[in-house]
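Worksheet for the structure shown next.
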Amino acid sequence: MPLSELNPPTPKWGIRFDRPNLKTGLPLQPLMPAGQYIVPLVQKDGSAAEPLLAPGATVLKGQPLVALPTGDQGAAIHAPTSGRVSAIEQHSVPGSGMQRCIFIEADGADQAWSGITPVRNPLDDSPASLLDAIAAAGIVGLGGAMFPTATKLDPGSRIHTLVLNGVECEPRINCDDGLIRDRAGEILAGGQIMLHILGAERCIVAVKADTEVAIECLRAALAELNDARFTLALVPPVYPAGGERQLLQILTGQEIPAGGLPRDIGCICQNVATASAVQRFMHTGEPLTSRIVTITGSGVANAINVEARLGTPIRQLIEFAGGYTTDAVQLIMGGPMMGLPIADDSAPLTKATNCIYVHAQQESAPPSAELACIRCGDCATVCPVALAPQLLLNAQRGDDFEALQDLGLADCIECGCCDYVCPSNIELTSRFRRAKHAEREIEFERLRAATAEERFVARTKRLEREADERRAQSEATDAAGNQAEALQRLLERIAKNDDRQKRE
Amino acid sequence: MMFLSRDAPYWRGADSVSKMMMSVNLALLPVMLVSAWILGLGIIVNAVLACLFCVALEALALRLRGRPALASALDGSALITGLLIALAVPPLTPWWVTAVACLFAIVFAKHLYGGLGYNVFNPAMVGYVVVLVSFPQHIALWPAPNSAPGLVEALQFIGGGAFDSATVDAITAATPLDSIKIQLGQMRTMREIFADPTGTQLAYRDWTWINAAALAGGLWLLRKKVIRWHIPAAMLTTMGLLYMISYAADSAVHMAPTVGLFSGGTMLGAFFVATDPVSAATTERGRLLYGAGIGMLCFVIRKWGAYPDGLAFAVLLMNMAVPLLDRYTQPRIYGHGRG
Chain A
3 MPLSELNPPT PKWGIRFDRP NLKTGLPLQP LMPAGQYIVP LVQKDGSAAE
53 PLLAPGATVL KGQPLVALPT GDQGAAIHAP TSGRVSAIEQ HSVPGSGMQR
103 CIFIEADGAD QAWSGITPVR NPLDDSPASL LDAIAAAGIV GLGGAMFPTA
153 TKLDPGSRIH TLVLNGVECE PRINCDDGLI RDRAGEILAG GQIMLHILGA
203 ERCIVAVKAD TEVAIECLRA ALAELNDARF TLALVPPVYP AGGERQLLQI
253 LTGQEIPAGG LPRDIGCICQ NVATASAVQR FMHTGEPLTS RIVTITGSGV
303 ANAINVEARL GTPIRQLIEF AGGYTTDAVQ LIMGGPMMGL PIADDSAPLT
353 KATNCIYVHA QQESAPPSAE LACIRCGDCA TVCPVALAPQ LLLNAQRGDD
403 FEALQDLGLA DCIECGCCDY VCPSNIELTS RFRRAKHAER EIEFERLRAA
453 TAEERFVART KRLEREADER RAQSEATDAA GNQAEALQRL LERIAKNDDR
503 QKRE
Chain B
80 MMFLSRDAPY WRGADSVSKM MMSVNLALLP VMLVSAWILG LGIIVNAVLA
130 CLFCVALEAL ALRLRGRPAL ASALDGSALI TGLLIALAVP PLTPWWVTAV
180 ACLFAIVFAK HLYGGLGYNV FNPAMVGYVV VLVSFPQHIA LWPAPNSAPG
230 LVEALQFIGG GAFDSATVDA ITAATPLDSI KIQLGQMRTM REIFADPTGT
280 QLAYRDWTWI NAAALAGGLW LLRKKVIRWH IPAAMLTTMG LLYMISYAAD
330 SAVHMAPTVG LFSGGTMLGA FFVATDPVSA ATTERGRLLY GAGIGMLCFV
380 IRKWGAYPDG LAFAVLLMNM AVPLLDRYTQ PRIYGHGRG
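One line per chain: the protein sequences are A and B, in this order.
Take 3 as the starting number for the first sequence in the working numbering and just add one per residue.
Take 80 as the starting number for the second sequence in the working numbering and just add one per residue.
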C-alpha cells in the first residue's frame, strides 16, 4: 500500500530562521537515578496536589505521590525513582515560581513499584477504561502545555482527525525529532490507541519538512504499520507552525474559532511524545516518570537530547551536556522565541520542559535602544494570527484599552515574530504581554466595582424595607398598648439584625 | 550563578532602520546618475547641498529636542529626504531655495510632528511643495534637452547669480509634462506636440531614461524586501488604467499610457516617495487603496490641475487619508468570522 503523504502549502506568516540548527542527535540514555529529585505538586490550573506520603517514607519508582486529582486540570504524579522522601517544601519550579515540592533522595536501586499493571490489548479495551489508565499514568501534553491527556482525549464531541504533532514549535528544540528517530513505531502505536479512544477516522502525523532522518524513520514505521488511516504531513519549516492553532490551519485550511478549541473543527492535536508515553504505559505499565528534553543554546558546551527523569535538577542536565560555557548569561525553559526565564538552576525538570536553552553573552541581543516605529508593517506580515502589531503598539503606548481590544490584543499568541523582524528593535511582545496583564486588572477592578455596587444597592433596599417594617409594627403595638411585648420584639429584631450583619 | 531574567523572545533579526534607509539611498543612485548624465552635474551639486542641509537640520532639531543627535542624524532617513528633494527640484535651483525646501522638510514636516516615525506628511514632498508654490520661477529651471549645462554654469545658477531672461531661455526648457500641458492648452494635438524631434519628443526620451533608472532602483528595493509591492503596483496600475481609458477615448488630446508612466516623477514617486512607510498606510489593503489613491489623484492633477506633475500633491493628500485607511482596512484576525 502506498504511503499517504501531505505537502501542505507554506503559510504567508511566520519566520524561516537562517540560523543553522545545532545537531542534537538521538536521545541519550537516562541519567543515572542518583542524588536528589524534586517533584513539584503544582497542577496545570495552579493548584497544588495533596501528597500521599510524609517525609521519611520510602518510595518506589512509579509509585503515586498524590491522590488522583478529580479536576479536569489535574494529573497523577509518580516517584521518578526509588528512595526516601526527605522533605516536602517550597522550591522554585520553572514557569511556576515557588511551589510545594516533594524531595526524594534516590537510593540508586531504581526499584519499580508493582502497583500498576500494563493494559495487554488496549485496542480491545473500552475507551473509558483506557482513559482511566491514561489518567492514572499521569500522562499530560508533553509539548509544553501539560494539559491532562485523558481529559483532552474525552472531548465530548465527534472528532474525525487526530493530529500527532512532531513539528517542534520553536527553533533549536529537537526533542521530538530525537524521539521520532528513536521510537517512530511507539508513537504510531500510541496514535492507534488514541484513534481507538476518540473513534476518529484518520491520523495525520505532522513533522517539519526539513527533518530528513525523522521523516525516513516515520516512513519506515508507517510502511510497517500498514494502517490506511495514517497520513504523513511534511510541514514547511516555518516558525511557529508547530503551534496547535497554526498547525491545524496549515493542515486543514480551517481556523479554530476565537475562544474555541480544535475539537470545534473536529480535530485534536497530541504531541508525538504524548502518544509515545501512552503506548509505553499500555505496553509496560510504566507511568510518566521521564521525558526527552533538549539541552541547547550557545551557553552550553554540547547540544544534546537527553531522556531524563522528571524532577532532575536542571543543573545536572546542564552538567550532562558538558556544563555552561564561560559566557552563559541566561537560562531559559523552552526555546529562544517563547521560553520562560529560569532564575535558579536547582529547579527541576517538569513534564512541561521540552527544552533548556542557555543563552551566551554574544548571542543574547545587546539591549539596543528602541527606535521609533516607522510603520514598515513587517510585523503584520509575519504575525500568525494576522494582527497589526504596529497599530497595537500605538494603542499600548496610549493605554487605549478599547483600541487594544478592537485590534485583537487577546488573540496575540506571544510568539515573538514581530520582535524578530522589527527594524526599530521594539520589544513588542513584552509590551503586549504587559498590556494583557493591565487589561485583566482593569477588568477585575470593573467587576469588583460592579459587585460592590450591587451589594450596596441591595443593602440600602433591605435597610429601607426593615425601617418600614419597624414603623408598621411599632404602630401596631402602640395600638395594642402592649409596651413590654414591643420591647421584647425590638430586642429580638436587633439581635437578628446583628446576627445577619455578622454573617455578612 | 546569576541568570538574567529578560523576557522572550531572546532572538532578534538583523534588520535595522538604518540598514533599510541606506538601502533606499543606494537604490536612488541609478536615477541620480542618469539624471546627472541627462540634466547635468547641477543635480549632483544640489544633492550634496540638500543632504548636508538635511543632516545638519536633523542633528540640530534632535539636539534642540534633547535626543541623541549624531547617531540618529546619520540613520539615513535625512539623506533620503535630501536626495529626494534634489531629484524633485530642477538641477539649476539656487542653493537657498533648496535650503528652504530642506528646512520645511526636516524641521516643519518631520520634527515638529515628533521626528522619524511620527511625521504625518512625507517630509521631502512638503519641502518640495513649499518651494514649488513659493518660488515658481526658480522651480522652472529645467535644462533643455541636449544642452545640459556644465559644472561651472550650473554652479553659477545654484550660487544664485542673476541671469538675464535670454540666458535662462537659451539654457532651460519645459519638461515634457509641462510642454504637453502648455501645447494642449494651445489647441495642438498630441501628434503635433510630438512631431518636432528636438522638442517634446527628445525631452520625453530623456525623461523615460530617468524614470527607467528609478524603476530599476525600485525593483531592487522590492527584491531586497525593503519595500513591498502593494503601493507601487496599485499606484502604477491605477495611473496606467486611467491613462489607457483617456487615451482610448481620444488619443489626440491625451497622453499614451507609456508617456504618462515614464514622465515626470512617476517612477520615483511610486517606488521612493509613496512607499515611505511612516507617512503611508500600514495595512496591506490600506496600502493598495493608498497607492491607488495617489495614482488617481496624480492623474487628475496632471489632467485638470494647474501643475504639470501632481505627484507631490497626490502623495500629501493621501497622507491625510492614512489614519482612516488604517482604521478600516484591518486584516481579519485568525479565528474571527469573515467580513
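Positions of the beta carbon are idealized from the N, C-alpha and C atoms, including for glycine.
Host beta strand (DSSP E) of residue i (start-end)
{"i": "Met100(A)", "result": "Gly99 to Ala108"}
{"i": "Thr163(A)", "result": "Thr163 to Gly168"}
{"i": "Val331(A)", "result": "Ala330 to Met335"}
{"i": "Cys269(A)", "result": "Cys269 to Asn273"}
Proximal chain B residues relative to residue i, where beta-carbon distance stays under 9 Å
{"i": "Val302(A)", "result": "Under the 9 Å cutoff, chain B gives no residues; its nearest Cβ is about 13 Å from Val302(A)."}
{"i": "Asp178(A)", "result": "Chain B residues near Asp178(A): none, gap ~20 Å exceeds 9 Å."}
Reference residue i; option with closest CA among the options
{"i": "Gly49(A)", "options": "Arg102(A), Arg174(A) and Arg122(A)", "result": "Gly is not the amino acid found at residue 49(A); the sequence shown has Ser there. The candidate whose alpha carbon is nearest that of Ser49(A) is Arg102(A)."}
{"i": "Thr296(A)", "options": "Thr453(A), Arg18(A), Leu24(A) and Asp20(A)", "result": "Leu24(A)"}
{"i": "Leu403(B)", "options": "Arg91(B), Tyr369(B), Leu340(B) and Arg284(B)", "result": "Tyr369(B)"}
{"i": "Pro13(A)", "options": "Glu404(A), Glu257(A) and Gln194(A)", "result": "Glu257(A)"}
{"i": "Ser156(B)", "options": "Ile373(B), Ser330(B), Leu230(B) and Ser358(B)", "result": "Ser358(B)"}
{"i": "Gly229(B)", "options": "Leu136(B), Asn398(B), Met375(B) and Trp116(B)", "result": "Trp116(B)"}
{"i": "Ala138(B)", "options": "Ala152(B), Val113(B), Gly194(B) and Leu376(B)", "result": "Ala152(B)"}
{"i": "Leu305(B)", "options": "Thr163(A), Thr383(A) and Asp184(A)", "result": "The sequence shown places Val at residue 305(B), rather than the Leu named in the question. Minimum Cα distance to Val305(B) is reached at Thr383(A)."}
{"i": "Phe105(A)", "options": "Ile118(A), Asp112(A), Ser94(A) and Ile90(A)", "result": "Ile90(A)"}
{"i": "Leu406(A)", "options": "Asp112(A), Ser432(A) and Ala437(A)", "result": "Ala437(A)"}
{"i": "Pro120(A)", "options": "Arg282(A), Gly268(A), Gly110(A) and Asp500(A)", "result": "Arg282(A)"}
{"i": "Gly344(B)", "options": "Val176(B), Val96(B) and Val394(B)", "result": "Val394(B)"}
{"i": "Gln248(A)", "options": "Ala345(A), Arg231(A) and Cys269(A)", "result": "Cys269(A)"}
{"i": "Asn228(A)", "options": "Leu493(A), Ser6(A) and Arg472(A)", "result": "Ser6(A)"}
{"i": "Pro42(A)", "options": "Ala56(A), His93(A) and Asp20(A)", "result": "His93(A)"}
Proximity of residue i and residue j at Cβ, strictly below 8 Å
{"i": "Asp380(A)", "j": "Cys417(A)", "result": "no"}
{"i": "Glu114(A)", "j": "Gly37(A)", "result": "The sequence shown places Ala at residue 114(A), rather than the Glu named in the question. No; because the gap between Cβ atoms is not below 8 Å, this pair is not in contact."}
{"i": "Ile141(A)", "j": "Ala279(A)", "result": "yes"}
{"i": "Gly245(A)", "j": "Cys171(A)", "result": "yes"}
{"i": "Ile320(A)", "j": "Tyr326(A)", "result": "yes"}
{"i": "Gly296(B)", "j": "Leu107(B)", "result": "yes"}
{"i": "Pro224(B)", "j": "Ala282(B)", "result": "yes"}
{"i": "Gly299(A)", "j": "Arg185(A)", "result": "no"}
{"i": "Leu70(A)", "j": "Ala137(A)", "result": "yes"}
{"i": "Leu144(A)", "j": "Gln194(A)", "result": "no"}
Chain B residues whose Cβ lies nearer than 7 Å to that of residue i
{"i": "Tyr422(A)", "result": "Pro88, Trp90, Arg91 and Gly92"}
{"i": "Ile376(A)", "result": "Val96, Leu195, Gly196, Pro356 and Val357"}
{"i": "Pro259(A)", "result": "Gly414"}
{"i": "Ile334(A)", "result": "Tyr89"}
{"i": "Gly418(A)", "result": "Ala87 and Pro88"}
{"i": "Pro157(A)", "result": "Those do not exist, as Pro157(A) stays about 18 Å from chain B at its closest Cβ, beyond 7 Å."}
{"i": "Ala147(A)", "result": "The premise fails here: Ala147(A) is roughly 16 Å from chain B at the closest Cβ pair, so nothing lies under 7 Å."}
Interface residues of chain A facing residue i [CB-CB closer than 7 Å]
{"i": "Val199(B)", "result": "The premise fails here: Val199(B) is roughly 11 Å from chain A at the closest Cβ pair, so nothing lies under 7 Å."}
{"i": "Ser84(B)", "result": "Pro343 and Ala345"}
The alpha helix (DSSP H) enclosing residue i, as first and last residue numbers
{"i": "Asn228(A)", "result": "Taken as a continuous stretch (DSSP letters only), Asn228(A) belongs to no alpha helix (DSSP H), as it is neither H nor E."}
{"i": "Met318(B)", "result": "His309 to Ala328"}
{"i": "Gly402(B)", "result": "Correcting the residue identity first, residue 402(B) is Pro in this sequence and not Gly. It spans Leu390 to Tyr407 - the alpha helix (DSSP H) in which Pro402(B) sits, taken as one unbroken run."}
{"i": "Pro336(B)", "result": "Pro336 to Leu340"}
{"i": "Val209(A)", "result": "Where Val209(A) is concerned, there is no enclosing alpha helix (DSSP H), although the beta strand (DSSP E) it sits in stretches over Arg204 to Lys210."}
{"i": "Tyr359(A)", "result": "Taken as a continuous stretch (DSSP letters only), Tyr359(A) belongs to no alpha helix (DSSP H), being part of the beta strand (DSSP E) at Cys357 to Ala362."}
{"i": "Ile252(A)", "result": "Glu246 to Thr254"}
{"i": "Val212(B)", "result": "Pro202 to Ser213"}
{"i": "Pro109(B)", "result": "Leu108 to Leu118"}
{"i": "Ile344(A)", "result": "Ile344(A) -> not in any alpha helix (DSSP H); beta strand (DSSP E) instead, spanning Leu342 to Ile344."}
{"i": "Val127(B)", "result": "Gly121 to Leu143"}
Listed by chain order, chain A residues near residue i by CB distance under 9 Å
{"i": "Arg146(B)", "result": "Those do not exist, as Arg146(B) stays about 10 Å from chain A at its closest Cβ, beyond 9 Å."}
{"i": "Asp248(B)", "result": "Neighbours of Asp248(B) on chain A: none; closest Cβ ~44 Å, over 9 Å."}
{"i": "Met99(B)", "result": "Ile376, Cys378 and Pro425"}
Chain-ordered chain A contacts of residue i [CB-CB under 8 Å]
{"i": "Pro336(B)", "result": "Ordered by position in chain A, no residue passes the 8 Å Cβ test against Pro336(B), which lies about 29 Å from the chain."}
Under 8 Å from the C-beta of residue i: neighbouring residues of chain B
{"i": "Ala382(A)", "result": "Thr361, Thr362, Glu363 and Pro410"}
Within the segment 389–414 of chain A, note down every full beta strand (DSSP E) run reaching 3 residues or more, in order along the chain. none
Which ranges does the beta strand (DSSP E) cover as unbroken runs of at least 3 residues, wholly within the segment 282–320 of chain A, from first to last along the chain? 292–298 and 306–311
Only counting runs of 3 or more residues, tell me where the beta strand (DSSP E) segments fall wholly within the segment 43–101 of chain A, in order along the chain. 85–95
Which runs of the alpha helix (DSSP H) fall wholly inside the segment 244–310 of chain B and span at least 4 residues, in chain order? If one requires a minimum length of 4 residues, the alpha helix (DSSP H) runs lying completely within the segment 244–310 of chain B are 244–250, 255–264, 269–272 and 279–302, in chain order.
Segments of 3+ residues assigned as beta strand (DSSP E) that fall wholly inside the segment 128–178 of chain A: Taking 3 residues as the minimum length, the beta strand (DSSP E) runs contained wholly in the segment 128–178 of chain A are 163–168, in order along the chain.
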